[in-house]
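Below is one structure, written out as structure tokens; comments come after it.
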Amino acid sequence: MNDLKQLKIALLTFALGGALSACSPEAPPAPPPLQGAAIGGDFELVSETGETVREADFAGQNRVIYFGYAFCPDVCPVDMQRLGQAMRIVEERDPEMAERITPIFVSVDPDRDTPEVLTEFTDSFHPRMLGLSGSREAIDAAVDSYGVYYQLGEDDGSGTYLVDHSNNAILFGPEGEPLVILPLQDQPDVIADALLRWAR
Numbered sequence: 214m215n216d217l218k219q220l221k222i223a224l225l226t227f228a229l230g231g232a233l234s235a236c237s238p239e240a241p242p243a244p245p246p247l248q249g250a251a252i253g254g255d256f257e258l259v260s261e262t263g264e265t266v267r268e269a270d271f272a273g274q275n276r277v278i279y280f281g282y283a284f285c286p287d288v289c290p291v292d293m294q295r296l297g298q299a300m301r302i303v304e305e306r307d308p309e310m311a312e313r314i315t316p317i318f319v320s321v322d323p324d325r326d327t328p329e330v331l332t333e334f335t336d337s338f339h340p341r342m343l344g345l346s347g348s349r350e351a352i353d354a355a356v357d358s359y360g361v362y363y364q365l366g367e368d369d370g371s372g373t374y375l376v377d378h379s380n381n382a383i384l385f386g387p388e389g390e391p392l393v394i395l396p397l398q399d400q401p402d403v404i405a406d407a408l409l410r411w412a413r
């Protein structure tokens with residue numbers, strides 16, 4: 214009977230020790246969900262100020278990259294509003310980390326999204342959000358590299374049309390490595406939690 218009691222104590226001690234070591238700061242961190250994914254790479258686009266921008270220009274910065282268009286009637290404005298609010302939460306919680314995150318909005322609608330339009334669009338959500346666009350060829354090359362889908366709708370004759378597109382916001386690390394798809398469907402504090410957890 215005494216031996217059985219000692220065995221139970223030993224097993225309980227072992228179980229508690231395992232649980233504590235799993236929560237220990239010395240335990241290796243979980244790998245980012247997109248680690249090793251073939252997403253991203255170089256691009257050559259045009260900024261809101263008309264300057265050529267390449268992916269390498271963001272070396273050392275975490276960047277959130279989202280493809281959409283400024284004339285989007287619903288999805289893009291809502292997504293960018295949540296991302297902008299999440300960035301403000303990160304600024305409050307960890308100002309140094311916030312400085313290392315650049316939100317980037319890439320327009321797939323260059324005919325309407327001029328630099329002026331992009332500036333007004335991005336500035337309405339966050340002052341550090343950068344709008345990029347470019348030629349159709351340059352956009353399509355970036356779309357292929359970043360695993361994005363878009364399809365221009367039919368023009369109704371007045372220059373008005375919709376664009377069907379994916380709406381993933383992907384966080385990339387300082388070396389351009391894909392880290393995680395941000396949960397833009399959630400509230401800004403949840404998005405901020407993801408940024409603080411995975412940004413480097």
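Its first residue numbered 214, the sequence shown is counted upward by one per residue in the numbering used here.
All C-beta atoms, glycine included, are put in the ideal place defined by N, C-alpha and C.
Computed from a predicted model, the values in this text were never measured in an experiment.
Distance between Gly253 and Gly389 (C-alpha atoms, nearest Å) | A straight-line Cα-Cα distance of about 7 angstroms links Gly389 and Gly253.
Using alpha carbons as the reference points, say which of Asp377, Ile352 and Gly366 lies closest to Glu268.
-> Comparing Cα positions, the closest option is Ile352.
What first and last residue would you give for the beta strand (DSSP E) that runs through Ile383?
-> Per DSSP, Ile383 belongs to the beta strand (DSSP E) from Ala382 to Phe385.
Verify whether the separation of the beta carbon atoms of Val277 and Leu384 is less than 7 angstroms.
-> In this structure, Leu384 lies closer than 7 angstroms to Val277 by Cβ.
For Glu261 and Arg313, the rounded distance between their alpha carbons = So the alpha carbons of these two residues sit roughly 20 angstroms apart.
Beta bridge counterpart(s) of Pro391 as assigned by DSSP | Per DSSP, Phe385.
Do Val303 and Leu392 come within 7 angstroms of each other at the CB atom, strictly closer than that value?
-> Going by C-beta atoms, Leu392 is not nearer than 7 angstroms to Val303.
Kindly give me the distance between the Cβ atoms of Gln398 and Asp377, rounded to whole angstroms, as I take these residues to be in contact under 8 angstroms.
-> Actually they do not touch by this definition, with Cβ atoms about 18 angstroms apart.
Excluding the five sequence neighbours on either side, which residues of its own chain have a C-beta within less than 6 angstroms of the C-beta of Glu362, listed in chain order?
-> Sequence check: residue 362 is Tyr here, not Glu. The beta carbon of Tyr362 is closer than 6 angstroms to those of Ser379 in its chain, skipping five residues each way along the sequence.
Under three-state DSSP, which class holds Val356?
-> Correct three-state label for Val356: helix.
Per-residue DSSP class, three states only, for Ala235 = Confidence is the limiting factor: at Ala235 the pLDDT is only 42, short of 50, which leaves the residue's position unreliable, though a coordinate-based value still follows. It is helical.
Buried or exposed by the 16-neighbour rule on C-beta atoms within 10 Å, applied to Gly263 = Exposed, because fewer than 16 other Cβ atoms sit within 10 Å of the Cβ of Gly263.
Would you report the Cα separation of Arg325 and Ala243, rounded to the nearest angstrom?
-> Note on geometry: alpha-carbon atoms of Arg325 and Ala243 lie some 42 angstroms from one another.
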